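Right, one structure below, let's go through it.
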Amino acid sequence: MSVREINFDGIIGPSHNYAGLSLGNLASARNAGGVSHPRAAALQGLEKMRGNIRLGLTQGIFLPQWRPDVAWLTKLGTDVGNAEPHIRAAAMSASSMWAANAATISPASDTADGRTHLTVANLVTMPHRSHEWPQTLAQLRIAFSDSRAFAVHDPVPAPFGDEGAANHMRLAQSHGEAGVEVFVYGRAGGAFPARQHVEASKAIARNHGLDPARTLFVEQSEAAIAAGAFHNDVVAVANEHVLFAHEQAFADKATFYADLRAALPCVEIVEVPASAVSLSDAIKSYLFNAQLVTLPDGDGMALILPTEAQETPAVWQWLEQMIAGNGSIRRLVPVDVRQSMANGGGPACLRLRVVADPADIDPRFLVDEARLDDIAQIVSQYWPLSIEPQDLGDTRLIARIEQSWLTLVDHLQLSGDLSP
Ligand code: SUG
Numbered sequence: 177m178s179v180r181e182i183n184f185d186g187i188i189g190p191s192h193n194y195a196g197l198s199l200g201n202l203a204s205a206r207n208a209g210g211v212s213h214p215r216a217a218a219l220q221g222l223e224k225m226r227g228n229i230r231l232g233l234t235q236g237i238f239l240p241q242w243r244p245d246v247a248w249l250t251k252l253g254t255d256v257g258n259a260e261p262h263i264r265a266a267a268m269s270a271s272s273m274w275a276a277n278a279a280t281i282s283p284a285s286d287t288a289d290g291r292t293h294l295t296v297a298n299l300v301t302m303p304h305r306s307h308e309w310p311q312t313l314a315q316l317r318i319a320f321s322d323s324r325a326f327a328v329h330d331p332v333p334a335p336f337g338d339e340g341a342a343n344h345m346r347l348a349q350s351h352g353e354a355g356v357e358v359f360v361y362g363r364a365g366g367a368f369p370a371r372q373h374v375e376a377s378k379a380i381a382r383n384h385g386l387d388p389a390r391t392l393f394v395e396q397s398e399a400a401i402a403a404g405a406f407h408n409d410v411v412a413v414a415n416e417h418v419l420f421a422h423e424q425a426f427a428d429k430a431t432f433y434a435d436l437r438a439a440l441p442c443v444e445i446v447e448v449p450a451s452a453v454s455l456s457d458a459i460k461s462y463l464f465n466a467q468l469v470t471l472p473d474g475d476g477m478a479l480i481l482p483t484e485a486q487e488t489p490a491v492w493q494w495l496e497q498m499i500a501g502n503g504s505i506r507r508l509v510p511v512d513v514r515q516s517m518a519n520g521g522g523p524a525c526l527r528l529r530v531v532a533d534p535a536d537i538d539p540r541f542l543v544d545e546a547r548l549d550d551i552a553q554i555v556s557q558y559w560p561l562s563i564e565p566q567d568l569g570d571t572r573l574i575a576r577i578e579q580s581w582l583t584l585v586d587h588l589q590l591s592g593d594l595s596p
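Numbering (my numbering), first residue to last: 177 to 596.
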């Protein structure tokens with residue numbers, strides 16, 4: 177096999193709920209206290225993966241995490257029955273579904289030792305996400321255990337916040353060639369926190385052995401964070417030689433674009449002007465939280481974007497005009513991931529893109545349609561139909577969530593490697 181794009185989607189966990197835990201994430205705040213539908217959510221995620229396989233893309237998975245996170249609660253001196261509601265909700269969160277926040281990846285062609293480097297994200301800014309990394313790291317160490325091909329790193333130490341691939345873009349003439357890695361950090365975000373710190377980005381670039389001449393550190397604009405772009409991937413996405421971004425995504429776009437053009441002369445920058453699509457419409461529709469992918473049949477690139485983009489007139493009009501222009505992006509593929517969207521997670525949030533040779537990866541983390549069918553069957557049988565946030569301490573619900581996890585992990589033959 178050969179090096180290609182592999183998207184690892186987080187299977188949406190059985191505890192998926194709307195607890196309003198993410199300051200600065202407008203959808204999470206808007207839907208706080210609402211009734212979630214974990215089974216529908218997970219099936220939507222699986223259908224997205226199926227669609228991508230049908231487009232000819234290679235698909236991987238990450239498993240949901242064990243919830244409630246007993247190890248974390250124990251460190252806090254409590255348990256799920258006695259924890260305060262906001263701690264209990266944090267321990268029950270299914271937020272590891274957003275695999276774009278699992279890790280930062282530098283493909284082999286960019287690194288000094290010729291291996292693909294992965295650094296698990298510490299996610300320290302949001303309490304409910306700060307305890308994800310140990311279980312994420314356990315999965316990364318299994319999936320990418322071949323140390324001839326991969327180097328898996330521990331998280332950057334606190335207090336330097338790192339949100340993983342959601343704040344990292346890679347551009348290259350093609351996936352397999354040496355690329356330019358762009359780390360997007362925040363400094364200010366009005367009332368909202370800037371989650372990615374430049375110190376974390378620089379640490380990752382050093383640990384991955386990146387060439388400083390092909391590594392850029394770019395500040396996200398305060399206006400974007402203040403408007404609800406809590407990650408860069410809400411206002412920009414890249415694939416091979418194309419950068420697709422909102423006009424107001426970056427603090428100093430002129431310098432960034434000039435540096436990028438100097439490092440990668442073939443780059444094509446597709447910028448959406450604020451006069452056509454406001455930051456507010458971009459964030460509501462998640463137009464940029466799309467998977468920008470190269471279609472294997474040589475038919476250009478496609479944007480796999482949320483159906484909400486189709487329902488936002490200014491956004492859809494702009495997109496249709498762009499497609500008519502016959503540039504690099506040729507196709508729009510709307511997908512329904514509404515359950516995830518209601519917590520601020522679009523199609524791109526749900527996936528971690530790894531450029532590597534699939535033959536080097538533990539096959540238990542790769543899926544075809546038949547494996548997706550089996551997983552969907554387990555989801556349909558075990559995942560709760562709905563959860564109200566006030567039910568999060570309910571012992572029957574917790575037993576059901578635990579049973580769902582055990583059944584899936586057992587089915588995927590990972591129970592010997594991953595323990596609760
Ligand atoms: O970190 N939402 C996630 C959404 C992450 C989206 N990821 C990317 N943009 N790559 C977050 O804010 C909401 C949980 C709650 O409110 O219950 C949440 O964690």
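Idealized CB from N, CA, C, for every residue including glycine.
The structure presented is a predicted model; accordingly, all values stated were derived computationally and were not measured.
Which of the three DSSP states is assigned to D457 in this structure? As a working mapping, residue 457 is identified with position 281 in the sequence shown. The answer is helix: DSSP assigns D457 an H, G or I state.
Once DSSP output is grouped into helix, strand and coil, what is the label at G227? Reading the sequence shown from its first residue, position 51 is the one you call residue 227. In this structure, G227 counts as helix in the three-state DSSP scheme.
What does the Cβ neighbour count give for P388, buried or exposed, with the cut at 16 atoms within 10 Å? By one-based count along the sequence shown, residue 388 stands at place 212. When all chains shown are included, P388 counts as exposed.
Hey, which unbroken runs of the beta strand (DSSP E) at 3 residues or more fall wholly within the segment 304 to 383? 326 to 329, 344 to 347 and 356 to 361
With distance defined between alpha-carbon atoms, name the residue in A195, A500 and G236 nearest to D536. For the purposes of this step, residue 536 is taken as the residue at position 360 of the sequence shown. When only C-alpha atoms are compared, the closest one is G236.
Of all Cβ atoms in chain D, is any one closer than 9 angstroms to the Cβ of G200? This model lacks chain D altogether; it includes just one protein chain.
State yes or no: is the C-beta of L508 within less than 9 angstroms of the C-beta of L471? Here residue 508 refers to the residue found at position 332 when the sequence shown is read from its first residue. Here residue 471 refers to the residue found at position 295 when the sequence shown is read from its first residue. No, these two residues do not count as a Cβ contact at 9 angstroms.
Would you be able to state if there are at least three C-beta pairs under 8 angstroms between the segment 209 to 227 and the segment 509 to 516? yes
Heavy atom of the ligand SUG less than 8 angstroms from the Cβ of N193, yes or no? Against the sequence shown, residue 193 aligns to sequence position 17. Yes, Cβ of N193 sits closer than 8 angstroms to a heavy atom of the ligand SUG.
Opening and closing residue of the alpha helix (DSSP H) in which E484 lies: One-based indexing of the sequence shown puts residue 484 at position 308. Residues T483 to Q486.
Starting from V491 and walking both ways along the beta strand (DSSP E), at which residues does that stretch end? Residue numbering aside, residue 491 sits at position 315 when the sequence shown is read from its first letter. That residue, V491, is in no beta strand (DSSP E); its alpha helix (DSSP H) goes P489 to A500.
Confirm, please, whether the CB-CB distance from V448 to A421 is below 9 angstroms. Reading the sequence shown from its first residue, position 245 is the one you call residue 421. Reading the sequence shown from its first residue, position 272 is the one you call residue 448. Result yes, Cβ atoms of A421 and V448 sit closer than 9 angstroms.
Where does I537 fall in DSSP's three states? As a position in the sequence shown, residue 537 is number 361, starting the count at 1. Coil, per DSSP.
Would you mind listing the beta strand (DSSP E) stretches within the segment 216 to 273 that are 3+ residues and don't spill past its ends, in chain order? 234 to 238
For the alpha helix (DSSP H) containing T301, name the first residue and the last one. Numbered from its first residue, the sequence shown carries residue 301 at position 125. Careful: T301 lies outside any alpha helix (DSSP H) and carries neither H nor E.
Determine, using beta carbons only, whether M273 and L526 come nearer to each other than 9 angstroms. Taking the sequence shown and counting its residues from 1, one reaches residue 273 at position 97. Taking the sequence shown and counting its residues from 1, one reaches residue 526 at position 350. The answer is yes: Cβ separation under 9 angstroms.
Just the Cα atoms here: how many angstroms apart are S504 and Q579? Residue 504 sits at position 328 when you count from the first residue of the sequence shown. Residue 579 sits at position 403 when you count from the first residue of the sequence shown. Looking at the two C-alpha atoms, the distance is approximately 46 angstroms.
Compute the minimum distance between the beta carbon of W492 and the heavy atoms of the ligand SUG, and state whether it is under 8 angstroms. As a working mapping, residue 492 is identified with position 316 in the sequence shown. W492 Cβ: outside cutoff for every heavy atom of the ligand SUG.
CA nearest to the CA of I229, picked from Y194, D185 and N519: Residue numbering aside, residue 229 sits at position 53 when the sequence shown is read from its first letter. Closest by alpha carbon: D185.
Report the three-state DSSP secondary structure of S178 (helix, strand or coil). In the sequence shown, the residue the question calls residue 178 occupies position 2. Three-state result, S178: coil.
Indicate the three-state DSSP secondary structure (helix, strand or coil) for P523 in the structure shown. To locate residue 523, count along the sequence shown from 1; it is residue 347. Residue state, collapsed to three classes: coil.
Among D322, V418 and E398, nearest to D538 - alpha-carbon criterion: Taking the first residue of the sequence shown as position 1, residue 538 is located at position 362. Checked all of D322, V418 and E398; the closest Cα to D538 is D322.
Sorry if obvious, but does the Cβ on A265 come closer than 8 angstroms to a heavy atom of the ligand SUG? Within the sequence shown, the letter at position 89 stands for residue 265. A265: yes, Cβ under 8 angstroms from the ligand SUG.
Are H293 and A327 closer than 9 angstroms when you measure CB to CB? Within the sequence shown, the letter at position 117 stands for residue 293. Within the sequence shown, the letter at position 151 stands for residue 327. Result yes, Cβ atoms of H293 and A327 sit closer than 9 angstroms.
Just to check my reading of the structure: I551 and L299 have Cβ atoms closer than 8 angstroms, yes? What is that Cβ distance to the nearest angstrom? For the purposes of this step, residue 551 is identified with residue 375 of the sequence shown, where counting begins at 1. For the purposes of this step, residue 299 is identified with residue 123 of the sequence shown, where counting begins at 1. The Cβ separation is near 25 angstroms, so there is no contact.
Less than 8 angstroms separating the Cβ of F406 from some heavy atom of the ligand SUG? As a position in the sequence shown, residue 406 is number 230, starting the count at 1. Flag set: Cβ of F406 near the ligand SUG.
Would DSSP call R506 helix, strand or coil? Taking the first residue of the sequence shown as position 1, residue 506 is located at position 330. Strand.
Using the beta-carbon count (16 or more within 10 Å), is P333 buried or exposed? Here residue 333 refers to the residue found at position 157 when the sequence shown is read from its first residue. Flag for P333 reads exposed.
Could you spell out where the alpha helix (DSSP H) holding L202 opens and where it closes? Counting from 1 along the sequence shown, the entry for residue 202 is found at position 26. First-last of the alpha helix (DSSP H) with L202: L202 to R206.
Once DSSP output is grouped into helix, strand and coil, what is the label at I563? Here residue 563 is taken as the residue at index 387 of the sequence shown, counted from 1. Looking at I563 - three-state DSSP - the assignment turns out to be strand.
Among A438, A458, G340 and A403, whose alpha-carbon lies nearest the alpha-carbon of A379? Within the sequence shown, numbered from 1, the residue matching residue 379 stands at position 203. Of the listed residues, the one whose Cα sits closest to A379 is G340.
Distance CB(E416)-CB(M477) smaller than 9 angstroms: Working through the sequence shown from its first residue, we reach residue 416 at position 240. Working through the sequence shown from its first residue, we reach residue 477 at position 301. Taking 9 angstroms as the Cβ cut-off, E416 and M477 qualify as a contacting pair.
Do A430 and F464 have their beta-carbon atoms positioned less than 9 angstroms apart in this structure? Stepping through the sequence shown from its first residue, residue 464 is reached at position 288. Stepping through the sequence shown from its first residue, residue 430 is reached at position 254. No, these two residues do not count as a Cβ contact at 9 angstroms.
Give every residue of the same chain whose Cβ lies closer than 8 angstroms to the Cβ of V585, excluding the five residues on either side of it in the sequence, and list them in chain order. For the purposes of this step, residue 585 is taken as residue 409 along the sequence shown, with counting starting at 1. For V585, where only same-chain residues beyond five positions count, the Cβ hits under 8 angstroms are L239, S591 and L594.
Just to confirm my understanding: we take D338, look at its own chain, exclude 5 residues before and 5 after, and list those with CB closer than 6 angstroms. What are they? Counting from one through the sequence shown, the residue named residue 338 turns up at place 162. The residues are A297, N298, V332 and A376.
Mind checking which residues open and close the alpha helix (DSSP H) that includes L440? In the sequence shown, counting from the first residue as 1, residue 440 sits at position 264. Neither: L440 is in no alpha helix (DSSP H) and is coded neither H nor E.
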